[in-house]
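Written below as structure tokens is the structure these notes are about.
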Amino acid sequence: MGLTLMFLMPIILAIVIASVQNSTFELVNENKIPVLLLNRDTAAPAKALEQALAKVGMFSIKKVEDIRETAAIEARINTKDALVAIVIPEHYSTDVLTKAKSVTSEALKGLDLAADTIASGKREASPVQLYYHPVLQQSFRKSIDGTLQSTLQFIQTKYIVKDMYQAVNAEDIPSSLEDQIVSNQTPVVEIPVSKNNSRQIPNATQHNIPAWTIFAMFFIVISLGSSVVREKLNGSIIRLRTLPTHFGLAIISKQITYITVTLFQAAVIFSIGIWLFPFMDLPALNLPADMGGLLLVTLICGWCAASFAICIGVFSDTQEQANGFGAVSIVLLAAIGGLLVPSFVMPPSFRFIMQLSPLHWCLEAYYGLFLEGGHLSDIWLNIIPLLVITVLLQIIAFYGLKRKNLI
Amino acid sequence: MIPAIQINNLSFSYKGSMQRGIQHLHLQVKQGDRFGIFGPNGAGKTTLMNLMTGLLPYASGSVQLMGYEVKENRKKVNTLFGFVPQDFAFYHELSPRENMEFFGSWAGLVKKQIDKRIEELLNILQLQDVRNKPVNQFSGGMKRRVNIAIAVMHEPPVLFLDEPTVGVDVQTRFAIIEYLKILNDKGTTLVYTSHQLKEAEELCNQIMLIDEGKTIAAGSLSELLLEHRQGGLEGLFLNLTGRAYRD
């Protein structure tokens, strides 16, 4: 049971989370999001928008010709036929063409090359509607919204250019020239900034394995915390205190044993990331260049986890208390430490609390090695607070043992 | 010969507790004695036992074990006594052999000594057949024997026993008392507390009655019975401590 908790559960956790996160990455970056498209406009700009959305590559478009009512769209979203629907309004083309003419007219005003007269009296443009299922996370919605906005901008620009060319040259713009004008000539290249200049793009495994390894290490609180409580309750501590070997040695031995366990946990989870993940269609874990640094950080994380577990054990009166409080506190510390939500998106009020979580410093140190390609010299500012927290936990545990007359 | 235990003017009280603890207590236990400490619930028996074994720190008075002041010589003193606490003090998920190995090594014994003592004690306390079974599968009587076996692993000259036979059947009680007598015959000083006064009469040659942290009678059992004109320890106990409930 203890081995299952300490090894099997974290391994399952690491695999499941990495798989889920990886599929999320792929959903955004590689897979297409299914979208229902209802086009109520039959004119050319609306058709161009349809084609442009299909070309973006982010959406897998299911065109719905049979539906006219938005209630039916909502019904299909409710049944998760698709999580998103785009509705192009009836006057979309008119709005695009009107704006194109207006811009052209404005631009050519001084050149005596007046475009067609624009109807006076401006009308508000009809909005393109984006329906979404409430399960869709905000980051997804923002991503879809951004893509839709740039596609709409593209179509509008295309028609302004077309109109302007026609006004100047009195003929239609050649499609090759139109493409040249509206297409973006400046590509974007993603360059991950790393301290070792490796330029290797971090993947879901690289993010998740360090995070969940830390989580697993701290979960020894269940085993070690309740073991300390058990020893208090069954009198073993009393017995040890009546023997010539100093009881402090028992506490140190216990810590060394559990630090070794955490090192094994890390070794097993890292090995799975390196060798097993590729067989599961997951990206492989790349170990950092500074292996000495990795060992030291893992060792200190393990020591901190053992110190925390002993603290919980010393101050709990029953195993139930140790297990319950231990487990919940680890989840809380993981949440405020940036394991569940990235620390950079935390509200400012949480920034200070975040620094109280030892898991935060462990994660920062690991990320410094795994993601930033740093060395020990780059992460010592993360190691020092971790050591300070560890020493504090040791002092608190010692005080607790002393207060309870156990040493 | 130096006394096994010498206590002078010992006082102790629990912080923030209404309990009186121990008040100006004097006591001498000679080497080879079978010394019984008796008293009603809350009299201070377990507190006294914990002070003698160094489990509780005392601020006033002196407690010497085999000539060593307990609070100043913890490491040395801990080699000189064994302790059988009232509660089972061992790892229930381990077997008797594993518990004895573990605590034997903490008592400073080497592998060879540990193996020898395990064989001796498993035989004497009739635990051979269950030597490798987890203790949590044992009956109360078997657990009591394991509790004693661990305490005597390092053959201490003084053995403290806090109600060592509580909750066991007649056979186990008899066997434990017989074993304690054998240990005493070999020179081990026994310091014993119990509510089993018949059993105590059989085992102890010296007794002390305490109540509310104070000594109310001390001496050889036969002399005290004669002095207080009582036929047994139970009568003497009731005579000196009264019949009122104490808890």
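Residue numbers (this note's numbering), protein chains in the order written: chain A, 2 to 408; chain B, 7 to 253. All C-beta atoms, glycine included, are put in the ideal place defined by N, C-alpha and C.
Classification of A/Arg352 by the beta-carbon crowding that lies within 10 angstroms, buried from 16 upward: Flag for A/Arg352 reads exposed.
Enclosing beta strand (DSSP E) for A/His208 [first to last residue]: Not the beta strand (DSSP E): A/His208 falls in the alpha helix (DSSP H), residues Ala205 to Phe219.
Residue nearest to B/Val83 in terms of C-alpha spacing, selected from B/Met58, B/Asn129, B/Phe94 and B/Glu233: The residue from B/Met58, B/Asn129, B/Phe94 and B/Glu233 with its alpha-carbon nearest to that of B/Val83 is B/Met58.
Contacts of A/Thr258 in chain B (Cβ-Cβ under 7 Å): Ordered by position in chain B, no residue passes the 7 Å Cβ test against A/Thr258, which lies about 13 Å from the chain.
8 Å Cβ cutoff, A/Ile417 in contact with chain B: The requested residue 417 of chain A does not occur in the structure, where chain A is confined to residues 2 to 408.
Residue-level contact to chain A via CB, B/Thr52, 8 Å cutoff: So no, B/Thr52 is outside the interface.
Residue range of the alpha helix (DSSP H) that includes A/Pro386: Segment Leu377 to Arg404, the alpha helix (DSSP H) holding A/Pro386.
Listed by chain order, chain A residues near B/Lys81 by CB distance under 9 Å: Neighbourhood of B/Lys81 in chain A, by CB distance below 9 Å: Pro245, Thr246 and His247, in chain order.
Within chain B, partners of A/Ser237 - CB distance below 8 Å: From the beta-carbon of A/Ser237, the residues of chain B found nearer than 8 Å are Ala95, Phe96 and Tyr97.
A/Gln320 in three-state terms, based on DSSP: Reduced to three states, the DSSP call for A/Gln320 is helix.
Alpha-carbon spacing of B/Gly60 relative to B/Val69, whole angstroms: Rounded to whole angstroms, the gap between the alpha carbons of B/Gly60 and B/Val69 is 9 Å.
A/Asn324 at chain B interface by Cβ criterion, 8 Å: No, A/Asn324 lies away from the interface with chain B (no Cβ there is under 8 Å from its Cβ).
Three-state class that DSSP yields for A/Arg41 in the structure shown: Three-state result, A/Arg41: coil.
Assigned exposure category for A/Leu178 - 16 Cβ within 10 Å defines buried: So A/Leu178 ends up on the exposed side.
For B/Pro102 and B/Val158, believed in contact at Cβ under 8 Å, the rounded distance: Actually they are not in contact, since the Cβ atoms of B/Val158 and B/Pro102 sit about 13 Å apart, beyond 8 Å.
Euclidean distance between Cα positions of B/Phe94 and B/Gly238: Rounded to whole angstroms, B/Phe94 and B/Gly238 show a C-alpha spacing of 30 Å.
Interface flag, A/Ile16 vs chain B, CB-CB below 8 Å: Answer no: the Cβ-Cβ gap between A/Ile16 and chain B never drops below 8 Å.
Secondary structure of B/Leu196, DSSP reduced to three states: If DSSP states are grouped into helix, strand and coil, B/Leu196 belongs with the strands.
Which of helix, strand or coil DSSP assigns to A/Pro35: The three-state reading of DSSP puts A/Pro35 in strand, counting E and B together.
In DSSP terms, what A/Val85 is bridged to: DSSP output for A/Val85 lists A/Val36 and A/Tyr133 as bridge partner(s).
Alpha helix (DSSP H) runs contained entirely in the stretch 90-154 of chain B, provided each spans 4 or more residues: The qualifying runs are 102-112 and 117-130.
A/Leu131 at chain B interface by Cβ criterion, 8 Å: Chain B contact via Cβ: absent.
Length of the line joining the Cα atoms of A/Ala217 and B/Lys187: Cα to Cα, A/Ala217 sits roughly 53 Å from B/Lys187.
The stretch 252-272 of chain A in contact with the stretch 298-307 of chain A per 3-pair CB rule at 8 Å: Contact holds: three or more Cβ-Cβ distances are below 8 Å.
Separation of A/Gly339 from A/Leu360, as counted between CA atoms: If you take the alpha carbons of A/Leu360 and A/Gly339, they lie about 8 Å apart.
Residue-chain proximity (A/Asn406, chain B), Cβ-Cβ < 8 Å: Yes, contact with chain B.
Identity of the residues DSSP links to A/Arg231 by a beta bridge: Per the DSSP secondary-structure output, A/Arg231 pairs with nothing in a beta bridge.
At least 3 beta-carbon pairs within less than 8 Å: the stretch 197-208 of chain B vs the stretch 168-179 of chain B: Counting Cβ pairs under 8 Å, three or more are found: they touch.
Partner residues on chain A for B/Thr59, Cβ-Cβ distance less than 7 Å: What B/Thr59 touches in chain A: Thr243.
Residues that B/Thr85 contacts on chain A, provided the C-beta gap is smaller than 8 Å: Under a criterion of Cβ atoms nearer than 8 Å, the residues of chain A adjacent to B/Thr85 are, in order, Pro245.
Endpoints, beta strand (DSSP E) assigned at B/Gly225: Element bounds for B/Gly225: Lys220 to Ser226.
Chain A within 8 Å of B/Leu62, Cβ atoms only: Output row for B/Leu62: interface = yes.
Within 8 Å, strictly: CB atoms of A/Met59 and A/Val262: Taking the C-beta atoms as reference points, A/Val262 is found no nearer than 8 Å to A/Met59.
Residue environment, A/Asn185, which counts as buried when at least 16 other CB atoms sit within 10 Å: Around the Cβ of A/Asn185, a 10 Å sphere holds fewer than 16 other Cβ atoms; the residue is exposed.
Contact list for A/Gln142 against chain B, beta-carbon separation under 8 Å: It is Arg, not Gln, that sits at residue 142 of chain A in the sequence shown. Against chain B, the beta carbon of A/Arg142 has no neighbour under 8 Å; the closest one sits roughly 53 Å away.
Closer than 8 Å at the beta carbon, the chain A residues around B/Ala113: Neighbours of B/Ala113 in chain A, taken as residues at a C-beta separation under 8 Å, are given in chain order as Leu244, Pro245 and Thr246.
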